[in-house]
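The UniProt record's numbering puts the sequence shown at residues 1 to 114.
What follows is a set of notes on a single structure, which appears directly below.
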Amino acid sequence: MSYKARLTERTLTLKTPAAGTHVLWRAPVACKVKAVRAYRLAGTGAVVNAQKNGGNLLAQDLSVDAAATWKSATPAVAAAKLAAGDTLSAVIVSVAGSPTDLTVQIDIELDADV
Numbered sequence: 001m002s003y004k005a006r007l008t009e010r011t012l013t014l015k016t017p018a019a020g021t022h023v024l025w026r027a028p029v030a031c032k033v034k035a036v037r038a039y040r041l042a043g044t045g046a047v048v049n050a051q052k053n054g055g056n057l058l059a060q061d062l063s064v065d066a067a068a069t070w071k072s073a074t075p076a077v078a079a080a081k082l083a084a085g086d087t088l089s090a091v092i093v094s095v096a097g098s099p100t101d102l103t104v105q106i107d108i109e110l111d112a113d114v
């Protein structure tokens, strides 16, 4: 029997962002992170990541070097798997040049074969 996986996302949007970790979600069931995306307005740069239970999902931080442009990265397969009860966080590693808005979106596949 085939099924279509359900996709959802968890999003953090900050005005005048600063470095820090922001808890977004507790996984209710086993699932997996499909992508980490970021979008910045103004400023000269931002660097982000996502974490599962305090460990980085991306092997390399995601640099948002161009304003008003979505950037994205995909975590390694092993890192992307979330178990029920895992904590998902968005991490603002650094910002430069006073961005006015920063959005971090984490795409999640529920009903995934994890």
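Beta carbons: idealized from backbone N, C-alpha and C, even for Gly.
With respect to the 8 Å criterion, L57 and A83 are not classified as neighbours on the basis of their beta carbons. Each residue's CA atom was taken as its position, placing S72 and T21 some 18 Å apart.
It is roughly 16 Å from the alpha-carbon of I106 to the alpha-carbon of V29.
The C-beta distance from Y39 to T103 rounds to 5 Å, short enough to meet the 8 Å contact threshold. Contact between T74 and A35 holds, since their C-beta atoms are separated by about 5 Å, short of 8 Å. In this structure Q51 is in contact with S89, their Cβ atoms being roughly 4 Å apart against a cut-off of 8 Å. In this structure, the beta-carbon distance from N49 to V91 falls below 8 Å.
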